[in-house]
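Please read the structure below before turning to the comments.
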Amino acid sequence: MNTAPDKPQREIARTASRFLSKRIDITRVRELAEHPDEPAVDGASWSDMADLGWFGAGVAESHGGVGLGVPEQIMFFREIGRYLTPGPVLGSCVAASLLAGTGAGEPLLAGLLDGDLRCGIRAGQFVLDAHQGDLYLDITSDGTSVCRLDAGESVPSLDPGVRVMRPIATRTVYSDASSHGFDRVSVLAGATLVGLIEAVRDLSTEYAKTRVAFGKPIGTFQAVKHRCAEMELAAYATFSQVCLAALYLEHGHPSGGFQAACAYRLAGNRARLATEDTIQNFGGIGFTAAHDAHLYLKRALVLSRLIDPALVRGALLMPPRHEFD
Numbered sequence: 012m013n014t015a016p017d018k019p020q021r022e023i024a025r026t027a028s029r030f031l032s033k034r035i036d037i038t039r040v041r042e043l044a045e046h047p048d049e050p051a052v053d054g055a056s057w058s059d060m061a062d063l064g065w066f067g068a069g070v071a072e073s074h075g076g077v078g079l080g081v082p083e084q085i086m087f088f089r090e091i092g093r094y095l096t097p098g099p100v101l102g103s104c105v106a107a108s109l110l111a112g113t114g115a116g117e118p119l120l121a122g123l124l125d126g127d128l129r130c131g132i133r134a135g136q137f138v139l140d141a142h143q144g145d146l147y148l149d150i151t152s153d154g155t156s157v158c159r160l161d162a163g164e165s166v167p168s169l170d171p172g173v174r175v176m177r178p179i180a181t182r183t184v185y186s187d188a189s190s191h192g193f194d195r196v197s198v199l200a201g202a203t204l205v206g207l208i209e210a211v212r213d214l215s216t217e218y219a220k221t222r223v224a225f226g227k228p229i230g231t232f233q234a235v236k237h238r239c240a241e242m243e244l245a246a247y248a249t250f251s252q253v254c255l256a257a258l259y260l261e262h263g264h265p266s267g268g269f270q271a272a273c274a275y276r277l278a279g280n281r282a283r284l285a286t287e288d289t290i291q292n293f294g295g296i297g298f299t300a301a302h303d304a305h306l307y308l309k310r311a312l313v314l315s316r317l318i319d320p321a322l323v324r325g326a327l328l329m330p331p332r333h334e335f336d
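12 is the number of the first residue of the sequence shown in my numbering; add one for each residue after it.
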């Protein structure tokens, strides 16, 4: 089975990359982070994302979406990770796919597709990237609920590109007892983490070529070159697992949930290690607020804790038998 992206899928990634590099590059991410009480993405950029069809990527055309499969969606989420794109793109995409075709959810679906509504994700006691009146996903062992945040208290965030709220008043507007929400968040978050790994790999390798110490580029030193090589291996292996999980989910394979959980766990572990190693490669400057290296580490920590670890372990241990056909 060939899991490599084809030409149309690669073009999806290039389109996302062109948009993000012009509209929400790392400089813009830092500017938005200076206003923690406002949404992590400005309204104009969010509206343009909606016009590009990102929030309806996994929604059938008959329901107003773009009708892309999971293998296509992972391509632009990989770019979202690469550019440290802030905002609840992941939650909004998954919520839209959950609500599509449900009578009660149609008004909410229209709001998500148009960019009028945003949907964050609950992580533990906090809700990420949802303000008062917004929606958020709550993933539990009973399935996934789409909830509305009626009131909440802003909390300082580890990641300056992520807004955090402590929910005070909430209500459930839609519940789905299937594993759809868990599976999609797992594989798409995994793809986002792959983008992080690739971004810090490129940062580290370029720096290793130009930074000179003791009269030699630091890339000639064994410790540095091995860390860069590990990042390349991590990016390749993790993306392969994400692609496999996407194909399994797209075709409804019984092991789809297991493969998605594998992708998420692997991507989280490797992204944390790669971003930590990048800071080491940059030395003292990598620890400073002025450098971008720490931003990737913080995003990796947040993304790797989106889903309750107990749920991930359960998905990994649940199947009595795994089919690898």
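A virtual CB, placed ideally from N, CA and C, is assigned to each residue, including glycine. All of these numbers come straight from a predicted model, not from anything done at the bench.
Please report the straight-line C-alpha distance between residue i and residue j, rounded to a whole angstrom.
i	j	result
arginine 159	threonine 181	6 Å
alanine 240	leucine 95	22 Å
alanine 196	alanine 107	This sequence places valine at residue 196; alanine is not what is there. Approximately 12 Å between the Cα atoms of the pair.
aspartate 125	aspartate 153	29 Å
alanine 272	leucine 148	18 Å
leucine 322	leucine 277	15 Å
valine 175	valine 157	17 Å
serine 187	tyrosine 218	Sequence inspection shows aspartate at residue 187; the serine mentioned does not correspond to that position. Aspartate 187 and tyrosine 218: Cα-Cα distance of roughly 47 Å.
glycine 69	glycine 295	43 Å
isoleucine 37	valine 211	13 Å
leucine 260	leucine 327	15 Å
arginine 222	glycine 172	29 Å
valine 52	alanine 234	38 Å
aspartate 48	glutamine 143	11 Å
lysine 220	lysine 236	10 Å
histidine 302	leucine 314	20 Å
methionine 242	leucine 120	39 Å
glycine 75	phenylalanine 232	54 Å
aspartate 213	methionine 329	37 Å
valine 100	aspartate 140	9 Å
glutamate 117	serine 215	46 Å
leucine 79	glycine 325	29 Å
alanine 274	serine 189	19 Å
phenylalanine 298	methionine 60	32 Å
threonine 286	tyrosine 307	6 Å
aspartate 288	tyrosine 247	17 Å
Which whole-angstrom value is the C-beta distance of residue i and residue j, which I expect to be below 8 Å?
i	j	result
leucine 146	leucine 128	6 Å
glycine 112	aspartate 194	Incorrect: roughly 17 Å between the Cβ atoms, too far for contact.
cysteine 104	leucine 199	7 Å
glutamate 209	arginine 93	6 Å
leucine 207	alanine 311	5 Å
alanine 15	glutamate 90	Not a contact, Cβ separation roughly 17 Å.
arginine 316	alanine 134	6 Å
serine 56	arginine 41	With 8 Å as the limit, serine 56 and arginine 41 do not qualify as a contact, their Cβ atoms being about 15 Å apart.
Between which two residues does the alpha helix (DSSP H) carrying residue i extend?
i	result
proline 320	320-328
serine 197	191-221
valine 52	That residue, valine 52, is in no alpha helix (DSSP H); it is neither H nor E in DSSP.
glycine 267	267-293
leucine 308	304-314
serine 28	18-34
alanine 44	37-44
What residue range is occupied by the uninterrupted beta strand (DSSP E) comprising residue i?
i	result
alanine 180	175-187
What are the complete alpha helix (DSSP H) segments, minimum 4 residues, inside the stretch 86-172? 100-110, 117-125
Would the stretch 281-296 and the stretch 254-269 be scored as touching if the rule is three or more Cβ pairs under 8 Å? no
Is there contact between the stretch 53-64 and the stretch 130-137, where contact requires at least three CB pairs shorter than 8 Å? no
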